[in-house]
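Colleague: Let me begin by handing over the structure; questions about it come next.
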Amino acid sequence: MPAEESQGVTKIVDNIARLSPDLLSEACQHILTYLQGQIPGVDSTEISDRFQRAGVRLDHENLQNIIRFLLLTFRSAGKSNLSADELVSRLEEGKSKWPKASLQVMHRLWSEQGTSVHAQQEAYAMLSIGQLVDMQWKLGMAVSSDSCRSLNSPYVSLLLKIAEPSGQICQKSFEMTIPQFQNFHKQFKEMAAVMETV
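So the sequence shown is numbered by numbering that gives the first Met the number 0: it starts at 0 and just counts up by one.
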């Protein structure tokens, strides 16, 4: 691990150490609830407000770093199906000095909810599909190819932009003949009709 990255983690752990066990527990609980699929996302404003009411002042960047670190820690532990003891020992292996009370909170919460997070991570892995962000199309005419001098056949070219579950945007492009496109259109109309009944 590069020195800068190690210092970044040390700073995050130092900021976590400023939190009381109850405050850390609340923040972790919020993140674990999200990772179990019970809420749509982590509300950093809610966590920030709670910290401020408890007298802990953190700037936006430090708060986001804590949330990202805890998300990554719990998500990785869920994917690896770690026990609470394994999670705590991995945290202790790092160069950062974790307060005993913080490790006890992490251990207790992971003991209670680790299996649920693991099950949800497994489900996400099986169901992870992208989301259509944009679709562009154009009608073209294939005039010739290497093997044929005169094709004169129309085609439809589609470019799809898809947001992958990882957050990356990727592009997929393909071409269809007019009959293939008409079949594609028919299937989309059928899907739209079914979706309206739901």
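The beta-carbon is built from N, C-alpha and C at its ideal position, and this holds for glycine as well. Computed from a prediction, not measured in an experiment: that's the story for all the values here.
Can you list, in chain order, the residues of its chain with a C-beta nearer than 7 Å to that of LEU131? Leave out the 5 residues immediately preceding and following it.
Modeller: LEU159, ILE161
Colleague: Compare the C-alpha of GLN135 against each of VAL142, PHE173, GLN120, THR114 and name the closest.
Modeller: PHE173
Colleague: Got a sec? Which residues, its chain only, sit under 7 Å from LEU23 by beta carbon, not counting five neighbours each side?
Modeller: ILE15, SER101, VAL104
Colleague: Among ASN64, MET140, PRO20, ASP133, whose alpha-carbon lies nearest the alpha-carbon of GLY7?
Modeller: ASN64
Colleague: Might you give, ordered along the chain, the residues of its own chain that have their beta carbon closer than 7 Å to the beta carbon of SER43, omitting 5 neighbours on each side?
Modeller: LEU62, GLN63, ILE66
Colleague: Could you tell me which uninterrupted beta strand (DSSP E) segments, each at least 3 residues in length, are contained entirely in the region 167-194, listed from first to last along the chain?
Modeller: 168-176
Colleague: So within the region 29-112, which uninterrupted alpha helix (DSSP H) runs reach at least 4 residues, ignoring any that extend past its ends?
Modeller: 43-52, 59-79, 83-92
Colleague: Say yes only if the C-beta of HIS106 is nearer than 7 Å to one or more non-hydrogen atoms of the ligand NAD, and no if none qualify.
Modeller: As for the ligand NAD, it is missing from this structure, which has no ligand bound.
Colleague: For ALA26, which beta-bridge partners are listed by DSSP?
Modeller: Note: ALA26 sits in no beta bridge, so no partner.
Colleague: Would you identify the three-state DSSP class for VAL142, choosing helix, strand or coil?
Modeller: In the structure shown, VAL142 sits in coil (DSSP, three-state: anything other than H, G, I, E or B).
Colleague: Here's the rule I'm using: 16 or more other beta-carbon atoms within 10 Å means buried, otherwise exposed. How should HIS29 be labelled?
Modeller: By the C-beta density criterion, HIS29 is buried, having at least 16 other C-beta atoms within 10 angstroms.
Colleague: In angstroms, rounded to a whole number, what distance separates the CA positions of ASN80 and SER156?
Modeller: If you take the alpha carbons of ASN80 and SER156, they lie about 44 Å apart.
Colleague: Taking buried to mean at least 16 other C-beta atoms within 10 Å of its own C-beta, is GLY77 buried or exposed?
Modeller: buried
Colleague: Look at GLY40 and GLN119 and say whether their C-beta atoms are less than 8 Å apart.
Modeller: no
Colleague: Less than 8 Å between the C-beta atoms of LEU108 and CYS27, yes or no?
Modeller: Cβ distance < 8 Å, so LEU108 and CYS27 count as in contact.
Colleague: Ends of the beta strand (DSSP E) at LEU159?
Modeller: 152-162
Colleague: Who are the near neighbours of VAL55 in its chain, counting only those whose CB is closer than 7 Å to its CB and skipping five residues on each side?
Modeller: For VAL55, same chain residues with a beta-carbon under 7 Å away, outside a window of 5 residues either side, are ARG17, LEU18, LEU22 in chain order.
Colleague: I believe SER115 touches ALA83 by the beta-carbon criterion, under 8 Å. Please report the beta-carbon distance rounded to the nearest angstrom.
Modeller: Not a contact, Cβ separation roughly 13 Å.
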